[in-house]
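Inspection log for the structure reproduced underneath, given as structure tokens.
Numbering (this note's numbering), first residue to last: 79 to 219.
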């Protein structure tokens with residue numbers, strides 16, 4: 079597997095990923111087992127405390143997780159996830175989620191994702207467990 083293959087898999091996924099597109103999530107870096115995505119917090123993403131809704135942070139982290147665990151081209155889904163919210167995000171913040179594989183077996187994997195703001199301060203930590211479901215990300219043989 080190569081850097082180019084990881085990018086190819088990500089592009090195919092992103093074309094069908096209307097959630098990521100709607101949230102304004104952009105793919106910045108891809109490699110095998112690694113994905114770096116960004117999202118700018120908009121006023122529509124704020125909760126009643128005028129901070130970024132936790133669901134939006136979860137979605138960013140979960141999306142980075144998805145791209146990392148599918149980067150090898152084998153279709154995978156989340157089997158479990160958890161998140162720790164460490165500091166708030168505010169309207170206009172540019173958040174970066176970096177997903178890295180910790181372990182990838184034949185069928186299951188563990189990935190850690192860190193979300194930082196534009197000052198490189200950690201906003202949230204997320205851990206996802208993946209399960210490969212058979213088939214490829216692209217539908218190609």
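Using N, Cα and C, we set each Cβ at its ideal position, and we do this for glycine too.
This structure is a prediction, so every number in the text was calculated from the model and none was measured.
In this structure, residue 153 keeps its C-beta atom at 7 Å or more from the C-beta atom of residue 113. By the Cβ-count criterion, residue 200 is exposed, with fewer than 16 other Cβ atoms from all chains shown falling within 10 Å of its own Cβ.
Around the beta-carbon of residue 98, 16 or more other beta-carbon atoms lie within 10 Å, marking it buried. With a threshold of 16 other beta carbon atoms within 10 Å, residue 215 meets it and is buried. Within the model, the alpha-carbon separation for residue 115 versus residue 137 is close to 11 Å.
Of the residues 119, 92 and 100, the one whose Cα lies closest to the Cα of residue 106 is 92.
If you draw a straight line from the Cα of residue 190 to the Cα of residue 90, it comes to about 23 Å. In this structure, the straight-line span from the alpha carbon of residue 174 to that of residue 183 is close to 27 Å. Here residue 205 carries a strand assignment [DSSP, helix/strand/coil]. Listed in chain order, the beta strand (DSSP E) elements of length 3 or more contained wholly in the region 113 to 182 are 152 to 163 and 172 to 182. In the displayed model, residue 215 falls within coil according to three-state DSSP, outside both helix and strand. Within the DSSP bridge table, the entry for residue 91 names no partner.
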